[in-house]
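Going by our numbering, the first residue of the sequence shown is number 1, and it counts up by one from there.
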Amino acid sequence: MRKNVVSYVGLLGFIGLLGLPTGNYGFYGFFGFFGFFGALEGRGSDERVDQNVNRACRNSFFLYIVVMAFSLTCIVALRAIDILPLAFALLFVGSMVTFVLSYIFYDRRGD
């Protein structure tokens, strides 16, 4: 079995430490990436895991594309450019949550 390289996404959790010296609370959201260590570390990678990761990425990608097109259209139509950073942050969080939930669903289904 190969090592599951998706667990290295958990290294992004260390970016959350930037919130301490800067006082920017937005960095604390990066601590959520530490969950990838617990969810995927210690498990090898085989064909089924690779297939589940690919399916979860597909779901996350389609959600991101559809919601991004809709939100950018609304932001431009309403001329509310000040909420653009919030929209990007919510899209990022939504795509990560979609990936994790999709992966858990496909893993437990055991297709």
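Positions of the beta carbon are idealized from the N, C-alpha and C atoms, including for glycine.
Inset, instruction - Could you say if the region 9-29 and the region 73-82 meet the contact criterion of at least three C-beta pairs nearer than 8 Å? - result: no
Inset, instruction - Please determine if the region 13-28 and the region 59-71 are in contact, where contact requires at least 3 C-beta pairs separated by less than 8 Å. - result: no
Inset, instruction - Say whether the region 50-66 touches the region 85-103, bearing in mind that this needs 3 or more beta-carbon pairs closer than 8 Å, one atom from each stretch. - result: yes
Inset, instruction - Can you grab the Cα-Cα spacing for the pair residue 21 / residue 35, in whole Å? - result: Going by C-alpha positions, residue 21 is about 23 Å away from residue 35.
Legend entry - Coarse secondary structure for residue 58, derived from DSSP in three states: helix
Inset, instruction - For the alpha helix (DSSP H) containing residue 89, list its first residue and its last residue. - result: First-last of the alpha helix (DSSP H) with residue 89: 84-109.
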